[in-house]
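Residue numbers (the working numbering): 1430 to 2240.
Beta carbons: idealized from backbone N, C-alpha and C, even for Gly.
First the structure, in the form of structure tokens, and then the observations on it.
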RNA sequence: GCCGAUGUGGUGGAAUAGGCAGACGCAAGGGACUUAAAAUCCCUCGAACGAGAGUUCGUACCGGUUCAAGUCCGGUCAUCGGCACCA
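In structure tokens form, the structure reads like this:
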């Protein structure tokens, strides 16, 4: 079959018949199947896109044949850093390169032959989309969920630009090789931490992979502990968070993160230490959080010269700076208990600080650092208490003293959404000298991203240099004002896109509750697990925030989530230009066609695992389709005369068919495509075997062939349509129902059991349906091989697993 | 480093809720058809020992629970994903 022309022919028909357009009349049967949209960084679709979209489309088509009205849209996550970097390198404007890439990718996606509803396409870089991203920002601002604060960014002093982590790997600027510094900048944040508790507890409500939920859970990182305030000699309080208040009597010093706001004050109070402090702060600014948290990293720090007062013992304890304390976690300060914390122990040992044991291991010698629970010693009135008792008692005591108390802390940090970049949605805020920060009125949206902008790095956000964009009137006082020069993190665009698809052309609103109530949440969402903690958490947060503003009536955006695996290069490494191991799907699609390529992706890999690319099996998939075609064409020559009854041969074929249907229905539901295709192959093998019989039941056989075409339709849609037409059918096979399971065909008169003697397999026996356990045991014992293995010994115990095995324990 | 996964023949991968390890393929070897090749069809295919019937071993490694472990538990090693400005 010439798949190229066949594919073009059917794609044109589907398009003409609007077969893939969601039919609103059937909205009560809707199933929203969504794949993560594409990021148009390269000009072509890569294997990863195919692997995400091809098999998922098979799922969608399968559900359609099961009677669902499937909504499967596609679009482009079009803003982002790579287009801007490409522009800086080549001078090609991000808008131009992005639009060009989108055009190519869209054509390739259409050629894939997936049932995407292109009438609902969205591109996040277009005004009619980012207008609503800006609207979303304004709603969050109104609700008090968007605020400004200082935050650290990677700064290249030579390029005078903010760098993404990716561009600052190893602390070196990828552009010029300079050492990257961490610098404070005022940025917009979304208060995702307000939703920490619900984001955690609602994980129970959603059908997501357990590992993803666990990752989110750990990312949110709820820990119960205690806040403790140490008075500082400057008059300020140093608040620390600890999960181990039971060790508080072991505190011999306090550590601040080098970025802690109190550092400047301490420096003033102790000018003799200022130089050392400055040097250390500079040193710390060169390391990233991952390195700083590494327990393998050499502990470093500096004494500030200042002291704090222990809230319970009233002793003076020195205040240190150390980079193993992060300003972004907890309070940015810790109480150091050298005897019972690995890092504190290493630090105290290095700097010769005292180590006071306050926990004793139960029933054994205590070796320091001892970080488990034990019995309190050297802790005054709390001596003798165990971990839980002590944590409770000390927290209560601190509350009474007004020096702290129980506290729940989250590792989750607020979401930084400002980017000092050009290619993104402008932040719809205005800075007025008189009125301060003023939101752009909704009627003035979108704040358009100008085209003629110098986006090469020059020390500030690219938009800051565009006078036409920057200067504006204050919406409140009408005076001179300036726009916010930053753009939004692209994760903001992708945090709500699923809401836009059902009404992609609404130019009055981002979305409406009326439509959202019917079309959303997404029933099945498919995409990579690398998004587990960021995109997927952000989308959940935005959904909950919109719900609380009254725009939505559900709690979670994605009811069910599936992660496809990653297709690696043939060498087992991640595909990348630098590895030189990138496989282009185009070559294979050209040679074999889109159906063969997607069928191979489904058959050759475990969907959720992925694995190294190999084209060994792709030919076999093409051959498999050829065999089907020959079988179908040959079946047309059968005439209906001759046998009409159901002999053993017909029953066997019927069994294989129904076995395949039963398993495919189950397996496709859980995205186990490789086993589904295996069942199809078994069925084709059985058809082929039946076909060699001298006399056939042609009526039955032709019905089996028609079922085969229906069965394969979601897996190879163009191919199935063509076969359906070859069989003289006038309809689209994709509009047919998936063949129904006939349970009766699966009932066998006898089942084979394995018989074990003392857990070793000795024989196989056939057991008729409906025998009792006693009868099965008698049958097993009667088997000559079993009898030989039993060697005259008696049965002590008999374990029978229905339809599987008999285990005779003899002795 | 921390969090989360994964590890099964020459190879991609199967194995429902702890119940016959290796489904379905690929590669390889042998055969049929053919002047020949391609295509197609048939057979063999985890390892060791054995003439054979068969026996023993075998799911990264070490140990445990169980009548029974690829699957559960404890530990080790290796690889992969994420770590908050790649998306």
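3 or more residues per run - each beta strand (DSSP E) lying fully within the region 2124-2197: 2179-2186 and 2189-2197
Report, in whole angstroms, the separation of the C-beta atoms of residue 1678 and residue 1759, which I expect to be a contact under 8 Å. Working through the first chain from its first residue, we reach residue 1678 at position 249. Working through the first chain from its first residue, we reach residue 1759 at position 330. Not quite, the Cβ-Cβ distance comes to about 20 Å (not below 8 Å), so this is no contact.
Going by beta-carbon coordinates alone, are residue 1806 and residue 1787 separated by less than 8 Å? Along the first chain, read from residue 1 onward, the residue named residue 1806 stands at position 377. Along the first chain, read from residue 1 onward, the residue named residue 1787 stands at position 358. In contact: residue 1806 and residue 1787 (Cβ atoms closer than 8 Å).
What does the alpha-carbon distance come out to for the pair residue 2003 and residue 1596? The residue labelled residue 2003 in the question sits at position 574 within the first chain. The residue labelled residue 1596 in the question sits at position 167 within the first chain. Looking at the two C-alpha atoms, the distance is approximately 19 Å.
Using the three-state DSSP reduction, which class does residue 1949 fall into: helix, strand or coil? Within the first chain, residue 1949 is the residue found at index 520, counting from 1. Three-state DSSP puts residue 1949 in coil, outside helix and strand.
Take residue 1761 as the anchor and find which of 2198, 1468, 1667 and 1936 has the nearest alpha-carbon. The sequence position of residue 1761 within the first chain is 332, counting from 1. Comparing Cα-Cα distances from residue 1761 to each of 2198, 1468, 1667 and 1936, the minimum goes to 1667.
Uninterrupted beta strand (DSSP E) stretches inside the region 1656-1733 (no shorter than 3 residues): 1666-1671 and 1682-1685
When you compare the CB positions of residue 1874 and residue 1560, do they come within less than 8 Å of one another, or not? As a working mapping, residue 1874 is identified with position 445 in the first chain. As a working mapping, residue 1560 is identified with position 131 in the first chain. Cβ atoms of residue 1874 and residue 1560: closer than 8 Å.
Between the C-alpha atoms of residue 1466 and residue 2013, what's the straight-line distance to the nearest angstrom? Here residue 1466 refers to the residue found at position 37 of the first chain. Here residue 2013 refers to the residue found at position 584 of the first chain. Near 19 Å, if we compare the C-alpha coordinates of residue 2013 and residue 1466.
Please give me, in chain order, every unbroken run of the alpha helix (DSSP H) with length at least 4 that falls completely inside the region 1951-1981. 1964-1977
Counting only the same chain and skipping the five closest in sequence on each side, list residues whose C-beta sits under 8 Å from that of residue 2166. Residue 2166 sits at position 737 when you count from the first residue of the first chain. So the qualifying residues of the chain are 1494, 1495, 1496 and 2139.
Looking only at its chain, what residues have a beta carbon closer than 6 Å to the beta carbon of residue 2082, apart from the 5 residues adjacent to it on each side? The residue given as residue 2082 occupies position 653 in the first chain. Result list for residue 2082: 2115 and 2119, in chain order.
Using a Cβ-Cβ cut-off of 7 Å (strictly less than) and excluding sequence neighbours within five positions of residue 1886, which residues of its own chain qualify? The residue given as residue 1886 occupies position 457 in the first chain. These residues qualify, in order along the chain: 1588, 1589 and 1590.
With a CB to CB cut of under 7 Å and the five nearest residues on each side skipped, what residues in its chain are close to residue 2277? Since the first and last residues shown for the chain are 1430 and 2240, residue 2277 lies out of range.
Which runs of the beta strand (DSSP E) at least 3 residues long sit entirely within the region 1755-1825? Give them in chain order. 1762-1765
Taking only the alpha-carbon atoms, compute the straight-line gap between residue 1567 and residue 1912 and give it to the nearest angstrom. Counted from its first residue, the first chain places residue 1567 at position 138. Counted from its first residue, the first chain places residue 1912 at position 483. If I take the Cα positions, the gap works out to 14 Å.
For residue 1596, three-class secondary structure by DSSP: Taking the first residue of the first chain as position 1, residue 1596 is located at position 167. Correct three-state label for residue 1596: helix.
Might you give, ordered along the chain, the residues of its own chain that have their beta carbon closer than 6 Å to the beta carbon of residue 1509, omitting 5 neighbours on each side? Position 80 of the first chain, counted from the start, is the residue given in the question as residue 1509. Same-chain partners within the cutoff: 1919.
Going by C-alpha distance, which of 1819, 1659, 1674 and 1977 is nearest residue 1745? As a first step, residue 1745 is located in the first chain; it is residue number 316 there, counting from the start. For residue 1745, the nearest C-alpha among the options comes from 1659.
Buried or exposed: residue 1796, going by 16 or more other Cβ atoms within 10 Å of its Cβ? Within the first chain, numbered from 1, the residue matching residue 1796 stands at position 367. Burial call: exposed.
Residue 1646 versus residue 1970: straight-line alpha-carbon distance, rounded: Position 217 of the first chain, counted from the first residue, corresponds to residue 1646. Position 541 of the first chain, counted from the first residue, corresponds to residue 1970. Computed Cα separation, rounded: 14 Å.
Of the residues 1693, 1987 and 2099, which one's Cα is nearest the Cα of residue 1967? Residue numbering aside, residue 1967 sits at position 538 when the first chain is read from its first letter. Nearest C-alpha to residue 1967: 1987.
Counting only the same chain and skipping the five closest in sequence on each side, list residues whose C-beta sits under 8 Å from that of residue 1694. Here residue 1694 refers to the residue found at position 265 when the first chain is read from its first residue. Here the set comprises 1663 and 1665.
Should the region 1518-1532 be called in touch with the region 1892-1910, which here means at least 3 C-beta pairs below 8 Å? no
Name the one or two DSSP bridge partners that residue 2245 has. This structure cannot speak to residue 2245, because the chain is shown only from 1430 to 2240.
Residue environment, residue 1978, which counts as buried when at least 16 other CB atoms sit within 10 Å: Mapped onto the first chain, residue 1978 falls at position 549. Its Cβ having fewer than 16 others within 10 Å, residue 1978 is exposed.
So residue 1439 packs on residue 2150, CB below 8 Å; how close in whole Å? Within the first chain, residue 1439 is the residue found at index 10, counting from 1. Within the first chain, residue 2150 is the residue found at index 721, counting from 1. Sure, about 5 Å apart at Cβ, within 8 Å.
Identity of the residue in 1936, 1939, 1927 and 1963 nearest residue 1953 by Cα: On the first chain, residue 1953 is found 524 positions in, with the first residue counted as 1. Looking at the Cα atoms, 1927 is the closest of the given residues.
Once the 5 residues before and after residue 2164 are set aside, which same chain residues still bring their CB inside 6 Å of it? As a working note, residue 2164 is residue 735 in the first chain. Nothing meets the Cβ criterion.
DSSP three-state label for residue 1478, please. Start at 1 with the first residue of the first chain, and residue 1478 comes out as number 49. Of the three classes helix, strand and coil, the one that applies to residue 1478 here is helix, per DSSP.
Which residues in the same chain as residue 2217 place their Cβ atom closer than 7 Å to its Cβ, once the five residues preceding and following it in sequence are excluded? Within the first chain, numbered from 1, the residue matching residue 2217 stands at position 788. Around residue 2217: no qualifying Cβ.
Is residue 1835 near residue 1824, with beta carbons less than 8 Å apart? Your numbering for residue 1835 matches position 406 in the first chain. Your numbering for residue 1824 matches position 395 in the first chain. For residue 1835 and residue 1824, yes; Cβs fall inside 8 Å.
What does residue 1911 pair with, by DSSP beta-bridge criteria? One-based indexing of the first chain puts residue 1911 at position 482. Partner(s): 1860 and 1900.
Nearest to residue 1486 by CA position, among 1501, 2096, 1475 and 1472, is which residue? For the purposes of this step, residue 1486 is taken as residue 57 along the first chain, with counting starting at 1. Ranking 1501, 2096, 1475 and 1472 by Cα distance to residue 1486 puts 1501 first.
State the Cα-Cα distance for the pair residue 1381 and residue 1481, rounded to the nearest angstrom. What is shown of the chain runs 1430 to 2240, which leaves residue 1381 out entirely.
Where do the ends of the alpha helix (DSSP H) carrying residue 2215 lie? In the first chain, counting from the first residue as 1, residue 2215 sits at position 786. First-last of the alpha helix (DSSP H) with residue 2215: 2213-2219.
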